[in-house]
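Engineer: These protein sequence lines map, in sequence, to chains A and B.
Per our numbering, the very first residue in the first sequence carries number 2; after that it's consecutive.
Per our numbering, the very first residue in the second sequence carries number 2; after that it's consecutive.
C-beta atoms are modelled at their ideal positions from N, C-alpha and C, and glycine is treated no differently.
Protein chains: 2
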Amino acid sequence: MIDERIEPTTPLESLAGHLIRRLHQTSTQVFQSQTKAAGLDLTPVQFAAMKAVHEAPGIDQASLAARIAYDRATIGGVIDRLEQKGWVQRTISLRDRRAREVTLTKAGKRVFAEALPVVQDLQADILPGLSPDEHRLFLELAQKSTLGRDSLASLAP
Amino acid sequence: MIDERIEPTTPLESLAGHLIRRLHQTSTQVFQSQTKAAGLDLTPVQFAAMKAVHEAPGIDQASLAARIAYDRATIGGVIDRLEQKGWVQRTISLRDRRAREVTLTKAGKRVFAEALPVVQDLQADILPGLSPDEHRLFLELAQKSTLGRDSLASLAP
DNA sequence: CGCATTTTGTATGTAAACATATCATTTGCA
DNA sequence: TGCAAATGATATGTTTACATACAAAATGCG
Numbered sequence: 002m003i004d005e006r007i008e009p010t011t012p013l014e015s016l017a018g019h020l021i022r023r024l025h026q027t028s029t030q031v032f033q034s035q036t037k038a039a040g041l042d043l044t045p046v047q048f049a050a051m052k053a054v055h056e057a058p059g060i061d062q063a064s065l066a067a068r069i070a071y072d073r074a075t076i077g078g079v080i081d082r083l084e085q086k087g088w089v090q091r092t093i094s095l096r097d098r099r100a101r102e103v104t105l106t107k108a109g110k111r112v113f114a115e116a117l118p119v120v121q122d123l124q125a126d127i128l129p130g131l132s133p134d135e136h137r138l139f140l141e142l143a144q145k146s147t148l149g150r151d152s153l154a155s156l157a158p
Numbered sequence: 002m003i004d005e006r007i008e009p010t011t012p013l014e015s016l017a018g019h020l021i022r023r024l025h026q027t028s029t030q031v032f033q034s035q036t037k038a039a040g041l042d043l044t045p046v047q048f049a050a051m052k053a054v055h056e057a058p059g060i061d062q063a064s065l066a067a068r069i070a071y072d073r074a075t076i077g078g079v080i081d082r083l084e085q086k087g088w089v090q091r092t093i094s095l096r097d098r099r100a101r102e103v104t105l106t107k108a109g110k111r112v113f114a115e116a117l118p119v120v121q122d123l124q125a126d127i128l129p130g131l132s133p134d135e136h137r138l139f140l141e142l143a144q145k146s147t148l149g150r151d152s153l154a155s156l157a158p
C-alpha cells in the first residue's frame, strides 16, 4: 500500500473553494426562505438586478451586467423573467438601437420597496455562528479581496 | 421627491450575500482557468465528488451528497457525467438494491492524482488582495460560520 | 467617406443547484 | 409478520452561470 498515510489529503472542509461554496449555499438558502416567508417570489439575482435598475433607471443590459458583475447572457435571461412578471420594462434605446433600456414598472417599484428591508435584514442571518465583530471583520476581508480583484480586472489591457 | 437622500440604499457591494456571491464567482473562475491550464477538464463539484469517492470507495450517492453538502439530485447528474468520462463506476449495492456504490476507475484515480496538487495550489489564488494572515483569518471565520450552520442543522428535529 | 473593429443583445449548449414527485426497496413497529 | 413510513435514486422543471457564436448596429481610423 503505497499511499497509506494518517491524513491522505487535505480535508475538503479547509479548502477555500469549498468553504466559499458553502457560504454561498447558505446565503442563497437564507435569501430564499426569508423572502418567501415575507410573501415575496424573487431570487438573489433578480433582486440585485432590480436594485441596479432602481438606482440607474434606463440602464442598458450590458451596463447592468457589468454593474452587478454578471455575464451578459445571464442578465438577458434574468430580465426576461422579470419582464414576464411585469416588474421590469425593456425599451429600445433611441441613442443606440442595439441597446435595451431597462426600467422598473409600477409593480416592480412596489415589489422592490417591499423587498429591500427584508433583504437588508436577512443579511445578518447569512453568517451564523459569528459574533458581530467577527461578522464585520469577515465582510471587511471579503470586500478587500473582492475589490482587489475588481481593480486588477479594471487594470487589464 | 419623497425618497431623495444622499445614499438611497445600502450599496450592493457591502451586502454579505453579494460579497459571498462574488467570492464564489472568483473561486470557480480560478478553479476553471488553473485546472484547464494544467490540461484537466473537470469542474469544482466533479473534483469534490471524486475526492469524496477517493476517500470512501464504494460510498453510495446519498452519503456522498451529504458528505460534500450537495443535493441528491445534483450529485446524480454529477456522477452521470463522471461516469460518461469513464472516471467513475456505479454498482448496485448488494446490501441495499436501491443504493449505487460509486468507485473511481483506473482512469479516474489517475486524473484525481493529477488534479489534487493543482487544486491544492490554486486555493492560494482564490482570495487575491489578502495577506497570508488575512487569508488565514478569513478561512477561520468561514469555517466557524459553516460549522455553526452544520451543527445547527444536525440539531434540527 | 468606407470599412474593419467593437459592442449589444440573443441563441445555443453545458453544467450546476435545488424543489418536487415518483418508483423501488428497506426499515420500523404495532 | 404485515404494512406504514422512511430512504435511495431518478425524472422533471426552473433558474443561475457562462462560453461561444451570431446578427445588427455603432465606432473609429486611414
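State whether the stretch 30-40 of chain B contacts the stretch 110-123 of chain B, with contact taken as three or more CB pairs (one from each stretch) at a distance under 8 Å.
Structural biologist: yes
Engineer: Considering only the alpha carbon of each residue, which of A:L148, A:L142, A:H136 and A:F113 lies closest to E56 (chain A)?
Structural biologist: If you number the first sequence from 1, residue 56 (chain A) lands on position 55. Nearest option by C-alpha distance: A:F113.
Engineer: Rounded C-beta distance between Q90 (chain A) and T106 (chain A)? I'm assuming under 8 Å.
Structural biologist: As a first step, residue 90 (chain A) is located in the first sequence; it is residue number 89 there, counting from the start. As a first step, residue 106 (chain A) is located in the first sequence; it is residue number 105 there, counting from the start. Taking a contact as a CB-CB distance under 8 Å, the pair Q90 (chain A) and T106 (chain A) counts as one, their CB atoms being some 5 Å apart.
Engineer: In whole angstroms, what separates the C-alpha of L148 (chain B) from that of I127 (chain B)?
Structural biologist: In the second sequence, the residue the question calls residue 148 (chain B) occupies position 147. In the second sequence, the residue the question calls residue 127 (chain B) occupies position 126. Using only the alpha carbons, I get a separation of about 21 Å.
Engineer: Taking Cβ positions only, does I76 (chain B) come closer than 9 Å to chain A?
Structural biologist: Working through the second sequence from its first residue, we reach residue 76 (chain B) at position 75. Answer no: the Cβ-Cβ gap between I76 (chain B) and chain A never drops below 9 Å.
Engineer: Can you give me the Cβ contacts of A100 (chain A) inside the same chain, cut-off strictly under 7 Å, excluding the 5 residues immediately before and after it?
Structural biologist: As a position in the first sequence, residue 100 (chain A) is number 99, starting the count at 1. If we look at A100 (chain A) and ignore the five residues flanking it on each side, its Cβ neighbours are D61 and S94.
Engineer: Kindly indicate if chain A contains any beta-carbon less than 9 Å away from that of Q62 (chain B).
Structural biologist: As a working mapping, residue 62 (chain B) is identified with position 61 in the second sequence. No, Q62 (chain B) lies away from the interface with chain A (no Cβ there is under 9 Å from its Cβ).
Engineer: Taking only beta-carbon positions, decide if R143 (chain A) is within less than 9 Å of chain B.
Structural biologist: Sequence index remark: in the first sequence, residue 143 (chain A) carries index 142 (1-based). Reading the sequence as shown, one finds Ala at residue 143 (chain A) and not Arg. Cβ-Cβ to chain B under 9 Å: yes for A143 (chain A).
Engineer: Which residues in chain B have a C-beta closer than 7 Å to the C-beta of T147 (chain A)? List them in chain order.
Structural biologist: Counting from 1 along the first sequence, the entry for residue 147 (chain A) is found at position 146. By Cβ distance, chain B contributes L20, R23 and L24.
Engineer: Taking a contact to mean a Cβ-Cβ separation below 9 Å, would you say L138 (chain A) touches L138 (chain B) in this structure?
Structural biologist: By 1-based counting over the first sequence, the position of residue 138 (chain A) is 137. By 1-based counting over the second sequence, the position of residue 138 (chain B) is 137. Yes, Cβ-Cβ distance for L138 (chain A) and L138 (chain B) is below 9 Å.
Engineer: Touching or not, the stretch 47-55 of chain B and the stretch 37-49 of chain A, by the rule of three or more beta carbon pairs under 8 Å?
Structural biologist: Output reads no: the stretch 37-49 of chain A does not touch the stretch 47-55 of chain B.
Engineer: Indicate whether H25 (chain B) and L24 (chain A) have their beta-carbon atoms separated by less than 9 Å.
Structural biologist: Translated into positions along the second sequence, residue 25 (chain B) becomes position 24. Translated into positions along the first sequence, residue 24 (chain A) becomes position 23. One thing to note: H25 (chain B) has its Cβ within 9 Å of the Cβ of L24 (chain A).
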